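Notes to accompany the following structure.
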Amino acid sequence: MNISKEQLDELNAVVTVAITKEDYSDKVEKILSDYRKNANIPGFRKGHVPMGLVKKQYGKAVLVDEVNKLLQDALNKYLTEEKLDVLGNPLPKEQENFDWDAENYSFEFELGLAPKFEVNLNGKKAITLYKIVATEEMIDNQVNTIQKQYGKLVSKEVAEKEDLVAGTFVNEEEEINNDFTVSLDKIKGKKNLDKFIGAKVGDVIKLKTKGLFSDDNDLIGALKIEKDKASDLNVEVVFTVSEVNHQELADLDQELFDKLYGPDTIKTVSELKDKIKEDAERQFEQQSEQQLLNDITESLLEHTKFDLPTEFLQKWIRTTGEQPLTEDEAKDEYEKSEKGLRYQLIEGKIINDNNLQVTFEELKEFAKELIKGQMAQFGQNSPEDKELEDIAARILSNQEEVKRISEQLMSKKLLNFYKENAKLKTKEVNFEDFIKEVYK
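Everything in the sequence shown is counted per this note's numbering, starting at 3 for the first residue and increasing by one.
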């Protein structure tokens with residue numbers, strides 16, 4: 003057997019695999035001999051079928067099968083030994099008048115080769131690393147939400163501003179008939195709010211749906227209507243009051259602190275606010291880091307220039323799917339996937355050049371940390387290492403879980419690498435400004 007490579011250009015090559023009779027004949031003869039021993043052919047005793055008949059009936063199929071196996075093994079071994087970084091898979095070239103009755107064969111394969119390029123993380127423009135801080139207003143709002151959540155409802159006769167008024171919204175034509183509790187601080191406009199102020203049980207209030215609530219989601223819940231209907235709905239509804247309640251806030255005392263975080267963890271309102279700020283900014287950090295990954299990805303794609311074997315890849319897409327595609331369909335699929343392929347190559351180079359590969363030990367330790375975090379949410383703060391080992395072993399026996407956790411760990415390793423090596427500038431913003439700036 004002989005394998006040779008013709009380099010067409012930097013991104014394309016043709017590999018030729020020449021197979022001679024000596025490469026496959028012994029294997030084919032052995033398989034046919036085994037067939038002869040076990041063949042059941044009418045008119046012949048088992049094991050006494052003439053070899054000529056066996057070859058006539060099975061010879062071509064066995065030959066083709068064995069040559070193809072030999073071909074694939076030889077090609078894969080060659081690509082590995084020569085360290086050829088191919089994109090997609092080798093594509094067999096069509097050969098006119100190929101003759102399986104010949105004794106020697108030659109097969110050609112087209113290769114699309116990965117480009118050579120360098121990655122520079124330190125471009126002219128620094129990438130923003132957002133530090134999202136919790137504002138005093140946000141913290142105070144969260145404290146107020148907690149007080150409401152753990153407070154109690156006190157029944158009233160007459161509704162006042164910021165009370166809760168329960169009742170039923172009705173509009174027969176729109177088939178609206180829904181029980182709902184209206185929080186008066188969510189009513190939009192003084193005119194609408196004045197209709198609720200002073201209301202008592204049994205009162206009937208007529209309202210226009212347009213501009214009733216500040217948020218369409220509140221209108222959707224109040225009327226139990228479809229989302230796409232809420233923004234344009236402008237009809238009159240009748241609201242019949244069934245209850246009036248005042249939300250009495252829970253006291254900011256030790257009893258509440260213990261309910262929230264466990265005995266004696268928090269002892270003052272100041273400590274409570276510090277804890278809320280800490281928890282909020284930890285969640286914000288995850289969003290900030292994801293945005294950093296997104297921004298670095300876009301920067302790398304913009305500034306890392308290289309060519310791809312486009313014609314080969316389009317042909318590969320056209321011929322290797324479940325259903326063959328037309329040239330236009332393959333071109334369209336390629337254009338959709340090109341950006342992802344480019345980043346995959348860039349990321350792969352960063353990982354290989356900087357030894358960021360995930361080891362099994364790292365994967366296991368990372369899985370254990372994830373498990374500890376989940377257990378802490380249910381109050382199990384000090385699990386034994388053996389318990390963590392056993393749970394991790396069960397999780398890592400599932401290939402889908404291994405893939406998912408490996409991707410998480412690789413993202414973390416890349417993030418840490420970027421933080422240490424990329425040209426970054428830190429910008430402190432509140433969450434509202436972060437959203438405005440990122441999704442502008």
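Glycine included, C-beta positions come from ideal geometry on N, C-alpha and C.
For clarity, every value in this text was computed on a predicted model and none was experimentally measured.
By the 10 Å Cβ neighbour count, where 16 or more other Cβ atoms means buried, how is residue i classified, buried or exposed?
| i | result |
| --- | --- |
| Y336 | buried |
| V167 | buried |
| V184 | buried |
| Q316 | buried |
| P44 | exposed |
| E430 | exposed |
| W318 | buried |
| R38 | buried |
| V64 | buried |
| P311 | buried |
| Y420 | buried |
| Y441 | exposed |
| V66 | exposed |
| R320 | buried |
| V271 | exposed |
| P92 | buried |
| F362 | exposed |
| A394 | buried |
| F100 | exposed |
| G169 | buried |
| F286 | buried |
| F215 | buried |
| F198 | buried |
| Q51 | Here residue 51 is Val; the residue named in the question, Gln, does not match the sequence. V51 is buried by the Cβ-count criterion. |
Assuming residue i and residue j form a contact by the criterion Cβ under 8 Å, report the distance between their Cβ atoms to the nearest whole angstrom.
| i | j | result |
| --- | --- | --- |
| V239 | T211 | 6 Å |
| D187 | V246 | Contact doesn't hold; Cβ gap of about 15 Å is too wide. |
| L77 | V19 | 6 Å |
| V69 | I5 | So it is not a contact: roughly 14 Å between Cβ atoms. |
| N122 | H305 | 7 Å |
| Q9 | I134 | That belief does not hold up - the Cβ atoms of Q9 and I134 are roughly 51 Å apart, past 8 Å. |
| F436 | G114 | Between G114 and F436 the Cβ distance is about 41 Å, and since that is not below 8 Å, they are no contact. |
| M3 | D28 | So it is not a contact: roughly 13 Å between Cβ atoms. |
| L131 | L295 | About 11 Å; that fails the 8 Å criterion. |
| A224 | F182 | 5 Å |
| D87 | A41 | Actually they do not touch by this definition, with Cβ atoms about 46 Å apart. |
| L365 | L411 | 6 Å |
| N274 | L254 | It is worth fixing the name first, because residue 274 is Leu in this sequence and not Asn. Confirmed, about 7 Å. |
| E176 | V237 | 6 Å |
So who's on the other strand from residue i, going by DSSP bridges?
| i | result |
| --- | --- |
| G169 | F182 and V243 |
| T428 | L131 |
| L115 | V88 |
| V16 | E8 and E112 |
| S157 | N247 |
| I189 | F215 |
| I21 | Y107 |
- Touching by the beta-carbon criterion (3+ pairs, under 8 Å), the segment 200-210 and the segment 229-247: yes
- Where are the alpha helix (DSSP H) runs, 4 residues long or more, that stay fully inside the segment 234-304, in chain order? 256-263
- Task: Mind listing, in chain order, the continuous beta strand (DSSP E) runs of no fewer than 3 residues lying wholly within the segment 77-112?
- Result: 88-94
- Query: Is the segment 394-402 touching the segment 271-288 in the sense that three or more CB pairs, one from each, lie closer than 8 Å?
  - Reply: no
- Are the segment 30-39 and the segment 52-62 touching by the rule of at least three beta carbon pairs closer than 8 Å? yes
- Taking only runs of the beta strand (DSSP E) that begin and end inside the segment 322-395, which ones reach a length of at least 3 residues, in chain order? none
- Output the residue ranges of the beta strand (DSSP E) runs that lie fully inside the segment 195-238 and measure 3 residues or longer, sorted by chain position. 206-210
- Query: Any chance the segment 296-303 sits against the segment 344-360, with 3 or more Cβ pairs inside 8 Å?
  - Reply: yes
- Query: Can we say the segment 263-270 touches the segment 214-221, given the rule of at least three CB pairs closer than 8 Å?
  - Reply: no
- Are there three or more Cβ pairs, one per stretch, closer than 8 Å when the segment 100-120 is compared with the segment 403-413? no
- Any contact of the segment 252-262 with the segment 140-156, i.e. 3+ C-beta pairs under 8 Å? yes
- Message: To test your reading of the DSSP string, which unbroken beta strand (DSSP E) runs of 3 or more residues are found completely within the segment 23-72?
- Response: none
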